[in-house]
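Chains as they are written, first to last, in this note's numbering: chain A, 10 to 195; chain B, 16 to 589.
Note that CB positions come from ideal geometry on N, CA and C, so glycine has one too.
First up is the structure itself, then whatever we jot down about it.
Next comes the structure, spelled out in structure tokens:
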């Protein structure tokens with residue numbers, strides 16, 4: 010079995026019950042052919058079993074259970090879909106309360122969420138949208154808000170900074186009228 | 016002054032996935048106070064349902080019928096199913112399809128408004144509903160529909176809670192205890208009726224298509240509580256899920272690719288070995304045959320570097336591959352292969368059999384009652400609906416139906432029950448067990464035991480089982496239980512979100528699961544459905560009985576019980 014190339018990963022560590030403030034720890038991990046989640050698992054197994062991160066479906070399929078949003082190099086992403094690369098920094102998702110390290114409570118937004126740079130463009134074709142709100146319910150990062158649009162209450166992508174972008178796309182995948190496009194902002 | 020705060024509810028449901036959530040809805044609508052616990056957040060981690068592939072089967076329209084669906088299920092189960100359960104629960108599947116649709120699952124419809132249904136091997140008619148977008152992975156739609164229904168009701172949802180044991184005494188269950196991940200607290204839940212909906216044990220295997228949560232916690236806690244389990248030897252595998260590169264591990268897409276793109280399996284010599292095993296069907300042999308062949312190549316040392324086979328499309332014309340890649344460019348696995356440097360025109364990637372679904376589990380009756388008073392069980396944790404081999408796309412349908420029935424029965428029973436009195440000394444003992452991996456200062460890490468159990472299950476609890484191997488597996492698992500488990504200790508001693516502590520508790524459960532699998536497989540001296548023995552390669556009609564397991568003092572007690580053919584008898588030559 011060939012030796013795997015290793016890189017350095019920097020991971021946010023914070024246990025609110027014992028730490029006064031967060032810190033970063035660095036580890037050596039493989040990355041070629043790995044997702045970020047795979048690199049985190051490597052840290053847990055071989056370096057530091059005190060690292061906490063969420064795993065759901067482990068990205069095994071084209072489906073997304075949405076359990077694992079994190080921030081990679083400043084941009085939100087699902088750790089199970091985001092490919093690992095050299096010299097990554099991994100932080101918790103900026104919008105939600107931190108339980109420990111990379112584990113957040115996806116039902117509790119922070120009082121003061123961090124705002125990463127916007128890298129995604131979400132367009133809704135209103136001629137196709139029927140207002141079923143599937144996107145609003147299915148989004149794990151609460152990107153959508155229900156707002157009045159032309160007299161109707163419709164989902165609007167209000168918080169695109171929190172969007173996990175191309176690693177997720179659950180909204181556009183599951184829109185049964187093909188009304189949503191999620192693209193990289195050029 | 017009570018030492019433990021006992022959180023009270025009428026119906027306590029352990030496991031918030033398709034079965035548990037449907038039961039919570041039903042029990043609530045019957046007027047019961049409901050609390051549902053999950054080993055993860057709500058609707059995302061801690062469950063396998065949200066990863067379900069393909070659809071939901073129901074006999075909706077003539078010429079299809081419930082009878083035909085029942086017969087197909089029993090035939091697929093090789094006549095080991097509990098026919099009463101099959102008939103009872105399948106009857107609810109059309110209702111389930113309509114409810115799921117009403118709640119927001121976008122099952123595809125034909126132009127005349129009928130559900131679109133596709134045919135799946137083993138079904139006599141097209142029966143599987145598919146979701147309109149993302150037919151292969153309806154999971155997020157199930158999640159969105161079911162969690163919304165819970166949120167609209169007064170149902171208490173407790174997330175990130177690992178249930179370590181049932182509170183059971185003298186044949187009666189009064190609730191459950193567990194660890195709150197976020198705080199490390201020991202929590203006690205007292206209930207008039209308790210329902211286990213914790214799923215299967217595919218994650219006990221090294222390679223599984225499930226997430227990390229299906230570690231058989233429910234089966235193990237029921238065993239410890241004095242309940243009865245059955246059919247533990249029947250574990251279903253998917254023949255060729257991804258193994259390497261690691262980003263595609265566990266993915267079912269490679270098997271779909273094999274079918275659409277006519278791939279070949281190659282061993283580490285580059286040989287198309289399926290030609291040797293199955294000269295006619297070759298790479299398109301049945302799932303079982305394929306899995307067996309790949310496992311065998313690995314066993315004789317011709318497997319791919321990461322313990323499987325290579326899946327190759329190199330023999331296909333470039334434009335055929337390119338067209339597939341274009342059409343599927345958005346697919347996660349296609350993207351990951353490309354990002355990992357795999358060029359399908361010239362590279363192969365690795366696949367292997369993966370544990371997928373557990374037919375075995377807790378014995379129940381048609382009301383979802385277990386052998387313990389006050390305890391119900393629903394969903395994949397249950398045995399009897401699938402028999403020796405599950406009919407594809409029946410899982411979601413069965414789980415949902417059991418949620419309807421179990422939820423109603425548990426609520427009705429709760430109405431006529433008083434709150435139990437729980438002995439605090441018993442809680443002391445349960446707490447000690449739960450905290451042992453934190454408290455011990457010994458040196459056996461969870462990962463060590465897990466690796467050993469996985470290796471035993473892969474070698475002796477998968478394909479081509481045999482007497483010698485099973486005897487050895489039983490010896491080794493007993494040794495692990497007696498000599499290693501008492502020293503199991505997490506190196507990470509933190510109270511908050513301690514994944515290693517959880518892993519230790521899961522490993523404790525997986526030892527019981529593995530032992531039940533090996534003993535049941537050893538006892539069944541035939542091959543049937545998902546259980547295959549090279550020393551007894553044929554089906555034996557004398558084995559038309561189920562193997563049951565329960566705990567007697569500290570030993571496993573094995574028994575058999577003949578199948579009752581209340582609905583359909585096996586024909587000669589079946």
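Check: For residue 360 (chain B), does the count of other Cβ atoms within 10 angstroms reach 16, so buried, or fall short, so exposed?; Outcome: exposed
Check: Please name the residues in the segment 178-194 of chain A whose beta-carbon is closer than 7 Å to at least one beta-carbon of chain B, in chain order.; Outcome: 179, 182, 183, 184 and 185
Check: How close, in whole Å, do the beta carbons of residue 237 (chain B) and residue 377 (chain B) come, if the pair is a contact with beta carbons under 8 Å?; Outcome: 5 Å
Check: Terminal residues of the continuous alpha helix (DSSP H) containing residue 162 (chain A)?; Outcome: Not the alpha helix (DSSP H): residue 162 (chain A) falls in the beta strand (DSSP E), residues 161-166.
Check: At least one CB of chain B closer than 9 Å to the CB of residue 63 (chain A): is that the case?; Outcome: yes
Check: At 7 Å on the CB atoms, spell out the chain B contacts of residue 43 (chain A), in chain order.; Outcome: 261 and 262
Check: Please report the distance separating the alpha-carbon of residue 475 (chain B) from that of residue 564 (chain B).; Outcome: 19 Å
Check: In terms of DSSP beta bridges, what is residue 180 (chain B) paired with?; Outcome: B:192
Check: Return no unless some Cβ of chain A is closer than 9 Å to the Cβ of residue 344 (chain B).; Outcome: no
Check: According to DSSP, is residue 282 (chain B) part of a helix, a strand, or is it coil?; Outcome: coil
Check: What three-state label does DSSP hand residue 469 (chain B) in the structure shown?; Outcome: helix
Check: Less than 9 Å between CB atoms is the rule here; does residue 196 (chain A) satisfy it with respect to chain B?; Outcome: Summary: the structure shown does not reach residue 196 (chain A), with chain A confined to residues 10 through 195, and so no result is reported for it.
Check: For the beta strand (DSSP E) holding residue 170 (chain B), just list the boundary residues, first then last.; Outcome: 170-173
Check: Looking at C-beta atoms only, is the number of pairs between the segment 442-460 of chain B and the segment 502-520 of chain B that lie closer than 8 Å three or more?; Outcome: yes
Check: Are the beta-carbon atoms of residue 250 (chain B) and residue 69 (chain A) separated by less than 9 Å?; Outcome: no
Check: Applying the 10 Å Cβ sphere with the 16-neighbour rule, what's the burial state of residue 97 (chain B)?; Outcome: buried
Check: Determine the chain A residues that contact residue 498 (chain B) at a beta-carbon separation under 9 Å, and present them in chain order.; Outcome: Correct list: empty, because the minimum Cβ distance to chain A is about 23 Å.
Check: What does the alpha-carbon distance come out to for the pair residue 351 (chain B) and residue 146 (chain B)?; Outcome: 24 Å
Check: Could you work out which residue in B:246, B:321, B:358 and B:304 is closest to residue 329 (chain B) when comparing CA atoms only?; Outcome: B:358
Check: Would residue 544 (chain B) pass as a contact of residue 398 (chain B) if the rule is Cβ separation under 9 Å?; Outcome: no
Check: Quick one: measure Cβ to Cβ for residue 179 (chain B) and residue 510 (chain B), integer angstroms, because I've assumed they're closer than 8 Å.; Outcome: About 15 Å separates the two Cβ atoms, so there is no contact after all.
Check: Closest to residue 482 (chain B) by C-alpha separation, out of B:442, B:471, B:18 and B:537, would be which residue?; Outcome: B:537
Check: Taking the runs of the beta strand (DSSP E) that are 3 residues or longer, which of them lie wholly in the segment 535-562 of chain B?; Outcome: none
Check: Is it true that the segment 86-105 of chain B meets the segment 363-373 of chain B, where meeting means three or more beta-carbon pairs spaced less than 8 Å apart?; Outcome: no
Check: Under 7 Å, CB to CB, which of the residues in the segment 212-243 of chain B have a partner in chain A?; Outcome: 224, 226 and 227
Check: Quick one: which chain E residues come within Cβ less than 7 Å of residue 507 (chain B)?; Outcome: The structure shown contains no chain E; its protein chains are A and B.
Check: Ordered along the chain, which non-local residues of its own chain (more than five positions away) have a Cβ less than 7 Å from that of residue 254 (chain B)?; Outcome: 270, 302, 305, 306, 309 and 368
Check: May I ask you to list, following chain order, the residues of the segment 143-171 of chain A that have a beta carbon less than 9 Å from some beta carbon of chain B?; Outcome: 143, 146, 147 and 149
Check: Give a yes or no on whether the minimum CB-CB distance between residue 10 (chain A) and chain B is below 9 Å.; Outcome: The predicted model places residue 10 (chain A) with a pLDDT of 40, which falls under 50 and marks its position as unreliable; any figure quoted below should be read in that light. Output row for residue 10 (chain A): interface = yes.
Check: Compute the Euclidean distance between the alpha carbons of residue 418 (chain B) and residue 495 (chain B), then round it to the nearest angstrom.; Outcome: 36 Å
Check: Give me the chain A residues within the contact set of residue 265 (chain B), using Cβ-Cβ distance strictly less than 7 Å, ordered along the chain.; Outcome: 67 and 69
Check: Which of the three DSSP states is assigned to residue 196 (chain A) in this structure?; Outcome: With chain A running from 10 to 195 in the structure shown, residue 196 (chain A) is simply not present.
Check: Mind checking the segment 506-525 of chain B against chain A and listing, in chain order, the residues whose C-beta falls within less than 9 Å of any C-beta there?; Outcome: 506, 507, 508, 509, 510, 511, 512, 513, 514, 515 and 518
Check: Out of B:546, B:569, B:439 and B:295, state which residue places its alpha-carbon closest to the alpha-carbon of residue 558 (chain B).; Outcome: B:546
Check: Quick check for students: name the residue ranges of the alpha helix (DSSP H) that lie wholly in the segment 96-169 of chain B, counting only runs of 4 or more.; Outcome: 98-105, 108-117 and 154-166
Check: Between residue 571 (chain B) and residue 298 (chain B), what straight-line distance do the alpha-carbon atoms span, to the nearest angstrom?; Outcome: 41 Å
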